Amino acid sequence: MREQKINGRRNTELLLLLLAAVPVGLLYAMYLVSDKVTLSVSAFAVPLGLLIAFTGAHLAVRRLAPAADPVILPLVFVLSGIGITFVSRLTGGQTNSQVIWLFVSVAAMVATLYFVPSLDQLAGYKFTLGIAGIVLLLIPMIFGTEINGSRLWLRLGPLSFQPGELAKILIILFLAAYLAENREMLSASTRHIGPLALPRPRMLAPMLVMWGISLLVVVFERDLGSALLFFSFFVLMLYVCTGRPSYVIFFFLLLAIGGVFCFKFFGHVQTRVHMWLDPTQDRWGSGMQILQSLYSLADGGMVGTGIGKGLAAKTVTFVQSDFIFSAIGEEMGLLGASAVLICYLLLAVRGLATAARARSDVSAFTAAGLTAAIAVQAFVIVGGVTKMLPLTGVTLPFMSQGGSSLLASFIIIGLLLRAGDEGTGHGVQVETSDSIKFNTSKNPALTGARTASAVVHGAHARGRYGMLTPESGVLGRVALGKRLTVIVSVFSLMFAALIANLTYVQVIHAEALQHDQYNTHTALKARRVQRGSIVTSDGVTLAESVLQGDGSYQRNHPQGSLAVHTVGFVSTGEITGVELAANDALKGDADFSNLHNALLSLAGVPNSGSSVVLTLNSQMQRAAERALDGYVGAIVVLDPSTGAVLAKASSPTYSYDQSGYIVADDKNSPLVDRTTCALYAPGSTFKTLTLGAALDLKRTTLETSYPAPASMDFGGAAVTNFENNSWESLSAKDAFANSANTVFAQIGSQIGAKNLISYAQAAGYGSSIGQDFSALPSTMPTVDDMSEWETAWAAAGQPVGQHKGNNGPYTTVMQNAVLAAAVANGGEAMKPYVIDHIVSNEGTTTSETQQVSLGKVFSTSTADQLKEAMLSVVESGTGGGAAIRGVQVAGKTGTAETNNGKWSNSLFIGFAPYKNPTVAISVVIEQVDDNSVHGVATTVAGEVLAACLNVQAAGAS
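Just so you know, we're using the working numbering here: the sequence shown kicks off at 2 and counts up by one.
Below is the structure:
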């Protein structure tokens, strides 16, 4: 009967091996097809050789360990098959050394079965094994070679080896033997520390040594993963031995203490933790690996990109070793990656089942420890590459490239099979410490707990300490089974958490990751399809994709750097501008607009991107950029009735071939779009808003007279006019034309801080005003922060506050253009936009931007009065430089102090023609040295307005 059961196990194993060969073979075939290799028997040499090797191992197990678990070997074959397929794929077929290591490891597994006939015999050498393990673990501290920041390797000529991989096996064998020998004493509590019950200190000494060694590994070898792994499996083995949760709590407290200590005093630990919490803090340095891993997983989605179609091989460093799971998730998707995790969970369950069947404590604890080593290692590395845990340097068992890990993993499997072969069952005898054998099927004494302790003296039921504990007799076997069930539940929750986190990364959060402007996959994927063109409203192509000789596409810019800040760029490190805002349309995402395109999309056939037509007019854009030549500043031209951006220029500018070499974080960088991403004090241009609020609230009229001295006190501090100009009195209209700060300070005091802020917010302050582009919100202080003096200066357009909250007013050039356009449009502000419509590759308009109103800033009558006041600025005030012969231009000049009052920026807002405005403009010219730019913005505005009106007169919109 027993012989039939054993044969059934081995036959099941062979059947499972043959079934496992099917997915492994199909996966390898997909790799060959993606690599354009002709399918033939010779092409399948690696998976066929692997199947033959595992079949040979099966025959060896049939002879050397016939009663071993029948599922473990097939599971390892599946994991190894997937692993060698992906290593081949990720290294471009350069896998000779890995294949050799794989076959050597299978042979080592068989050799382990041959040379270790009994785990209990090894227990006699426990201290030798333990010392050898510690030596192997610590020797890299002295003779090791540092690779990638960790001192783990020993080099022998061209070969490198990680002795720590074998060390963990030896230490597990030592711990298993030690725990088995001292099980009752460790289970009996003799000390209490608060609610924690602990055994004698000398019983815990080896455990404390393990804790100390774990810290040494972190400190001197910089190997956070191995330290966590060693600590985890010895705590698990201690729990399996004693069943005391208090021990687990105690040692996790030690782990927490050690973790805090290492984080506080060792930089490499801090780096790992910070990289885990927020990898974007150093996205091109320490955080790059984990970010690239997340981008790859996000691309995988539910079903994956397909074998050979992922980008991890190009973007993730060490992808064939530490990050192989990222490539698996990308190319096999959530479903395939989850299947791999389930294989590890099944392996853990079968390993713990082997422990439950074990004939002796030594075998049980060895099987539990070895299973934990595999399961925890898989959990730690997968958790790291998916950002569920801090990233560690451990490898994924059976799958990652690396001979040391592979060899150790297969030796562990050999020992697990040995433990399974020694498992209890029908007709299997329990060996006792005094060599007396009892047959469990014939000795009724072993079936009852009442008399078991009196007759059984084996490894599971010893009385050598004269103790009767729950660990004695058959009760010990029952207790062990319950603990192993708890461990199975814990492992199940751990791997369920991995799958849940993977679901979040690959499905729920995938879209956000894919749209990250720094996602390097965007540019790489763009080369595979014909990305759509970006065209101006007058038909000038600004960006297009050109087919290359290798079948890829390269982004080309026929007009050079024209409108570069608006168009943006696609690089391997970043995507900006319209390229980012319209990325889905440009890159040719799934198109279901008609049956033909829908079928192609469902079949996964790449779809050429749609073209994006901008609101920009190329001639107006050239005029704006030409006017800025030699200056630092920005210009925005809007259609006041719609919010369409007609021109948008920023200086300094850059060329596309410079985009990868300019530092973007510098506020003075040419990459900074000064129209939307720079905040300026608005100066006297803000008086447009102040006067509009006062007129709207009936607090003043254009004819109301105010004293206008060079200086006036408000709240105990002075407000002064530019260059100390003074007038006996000025009407509100004349004060506006002459930019009298003291008059507008009085008007600001009349309307109050609350109303001033309210009107600013109605014009767009405090919000991102762009429909299809990002813009910094313009800022105003809160009412509580604004003193009488600050309110007076704010009404004149000069921020003076120094409080913790928002200071202001500060405006973007785009915001100022919206304000000018609102006056020109009867008081209604329109939300600006740069994308007019999108055209499919078949010429069909698929979407059009709808005009969106920000709301009524001023009443129509107030807007008419403001237009009158702005006309007087150009015709008889400070804005004469913007005048255009034959056209009435309305506007408002501004001067805003910078550099602690040493310099001043020049600003202008306006519109034309006066009676029927078709263009609104905002200009800022920065003073960057001692050369004054006073009034330059006004002259520049007049130049650009004239050019734009000429373009419109010629028929452009």
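Note that beta-carbon positions come from the ideal geometry of N, C-alpha and C, so glycine has one too.
Since the structure is predicted, the reported quantities are computational estimates derived from the model, not experimental observations.
**Request:** Please determine if the stretch 704–717 and the stretch 743–759 are in contact, where contact requires at least 3 C-beta pairs separated by less than 8 Å.
**Result:** A contact exists between the stretch 704–717 and the stretch 743–759.
**For methionine 831, the first and last residue of its enclosing beta strand (DSSP E)** = 829–831
**Asked** Going straight from the alpha carbon of tyrosine 554 to that of leucine 647, what length do you get?
**Response** 30 Å
**Rounded distance between the beta-carbons of alanine 682 and tyrosine 766, thought under 8 Å** = Actually they do not touch by this definition, with Cβ atoms about 13 Å apart.
**Cβ neighbours of valine 541 in the same chain (closer than 7 Å, five flanking residues each side left out)** = Around valine 541: Gln560 and Ser619.
**Request:** Pull up the distance between the alpha-carbon of valine 241 and that of leucine 481, whole angstroms please.
**Result:** When the Cα atoms are used, valine 241 and leucine 481 turn out to be separated by approximately 7 Å.
**Message:** I'd like to know whether the C-beta atoms of isoleucine 291 and valine 614 end up nearer to each other than 9 Å.
**Reply:** Going by C-beta atoms, isoleucine 291 is not nearer than 9 Å to valine 614.
**Request:** With DSSP collapsed to three states, give me the class of leucine 229.
**Result:** helix
**Own chain partners of leucine 137 with C-beta closer than 8 Å, once the 5 adjacent residues on each side are dropped** = Pro164, Gly165, Leu167, Ala168 and Leu171
**Asked** Which value, in whole angstroms, describes the spacing of the CA atoms of alanine 66 and leucine 180?
**Response** 25 Å
**Message:** Helix, strand or coil, according to DSSP, for histidine 516 in the structure here?
**Reply:** coil
**Request:** Check whether the stretch 867–875 touches the stretch 682–701, taking contact to mean three or more Cβ pairs, one atom from each stretch, closer than 8 Å.
**Result:** yes
**Asked** Excluding sequence positions up to five away, which residues of its chain have a Cβ less than 6 Å from the Cβ of alanine 313?
**Response** These residues qualify, in order along the chain: Ser297, Val320, Ser327, Ala328 and Glu331.
**Message:** Restricting to Cα atoms, I'd like to know which of Ser642, Val637 and Asp674 is closest to threonine 654.
**Reply:** The option with the nearest alpha carbon to threonine 654 is Asp674.
**Item:** Counted within 10 angstroms of its Cβ, other Cβ atoms place asparagine 97 as buried (16 or more) or exposed
**Value:** exposed
**Request:** Note the first and the last residue of the continuous alpha helix (DSSP H) segment covering arginine 556.
**Result:** Looking at the DSSP string, arginine 556 is not in any alpha helix (DSSP H); the run it does join, the beta strand (DSSP E), is 554–557.
**Message:** For a test of the three-state rule: what should DSSP assign to aspartate 630, helix, strand or coil?
**Reply:** coil
**Asked** Any idea what DSSP makes of tryptophan 285, helix, strand or coil?
**Response** Taken through DSSP and simplified to helix, strand or coil, tryptophan 285 comes out as coil.
**Prompt:** Can you tell me whether glutamate 724 is buried or exposed, with buried defined as 16 or more other CB within 10 angstroms of its CB?
**Reply:** exposed
**Request:** Please report how far the alpha carbon of valine 457 lies from the alpha carbon of aspartate 323, in whole angstroms.
**Result:** Low confidence applies here, because valine 457 scores a pLDDT of 38, under 50, leaving its location unreliable and the question unanswered by this model.
**Message:** In the DSSP assignment, the beta strand (DSSP E) including arginine 649 goes from what residue to what residue?
**Reply:** One point to set straight first is that residue 649 is lysine, not arginine, in the sequence displayed. It spans 646–652 - the beta strand (DSSP E) in which lysine 649 sits, taken as one unbroken run.
**Message:** Going by DSSP, what residue range makes up the beta strand (DSSP E) through threonine 846?
**Reply:** 846–849
**Message:** With DSSP as the reference, identify every bridge partner of lysine 893, one or two as the case may be.
**Reply:** Ile910
**Cα-Cα separation, methionine 238 to glycine 370** = Per the coordinates, the alpha-carbon of methionine 238 lies some 6 Å from the alpha-carbon of glycine 370.
**Prompt:** For tyrosine 915, does the three-state DSSP call read helix, strand or coil?
**Reply:** coil
**Asked** For the beta strand (DSSP E) that contains methionine 713, what are its first and last residues?
**Response** For methionine 713, the enclosing beta strand (DSSP E) has its first and last residue at 712–715.
**Item:** Where leucine 392 falls: helix, strand or coil (DSSP)
**Value:** coil
**Prompt:** Between glutamate 944 and asparagine 520, what straight-line distance do the alpha-carbon atoms span, to the nearest angstrom?
**Reply:** The C-alpha of glutamate 944 lies about 40 Å from the C-alpha of asparagine 520.
**With 16 other Cβ atoms within 10 Å as the buried cut-off, status of proline 246** = Sixteen is the threshold: since fewer than 16 other Cβ atoms of the shown chains lie within 10 Å of the Cβ of proline 246, the residue is exposed.
**Prompt:** Where do the N-terminal and C-terminal ends of the beta strand (DSSP E) with histidine 838 fall, by residue?
**Reply:** Start and end: 836–840.
**Request:** Ignore the nearest five residues each way along the sequence and tell me which others in phenylalanine 959's own chain have a CB closer than 7 Å to its CB.
**Result:** The structure shown does not extend to residue 959, since the chain is modelled only from 2 to 958, so the question has no answer here.
**Pairwise C-alpha distance: isoleucine 758 and cysteine 854** = According to the sequence displayed, residue 854 carries serine and not cysteine. Answer to the nearest angstrom: the Cα atoms are 19 Å apart.
**Asked** Buried or exposed: which applies to glutamine 772, given that a residue is buried once 16 or more other Cβ atoms fall within 10 Å of its Cβ?
**Response** So glutamine 772 ends up on the buried side.
**Item:** Spatial distance of glutamate 843 from aspartate 539 (CA atoms)
**Value:** 20 Å
**Message:** Can you tell me whether asparagine 669 is buried or exposed? The criterion is at least 16 other CB atoms within 10 Å of its CB, across all chains shown.
**Reply:** exposed
**Item:** Simplified DSSP state of glycine 307, which is helix, strand or coil
**Value:** coil
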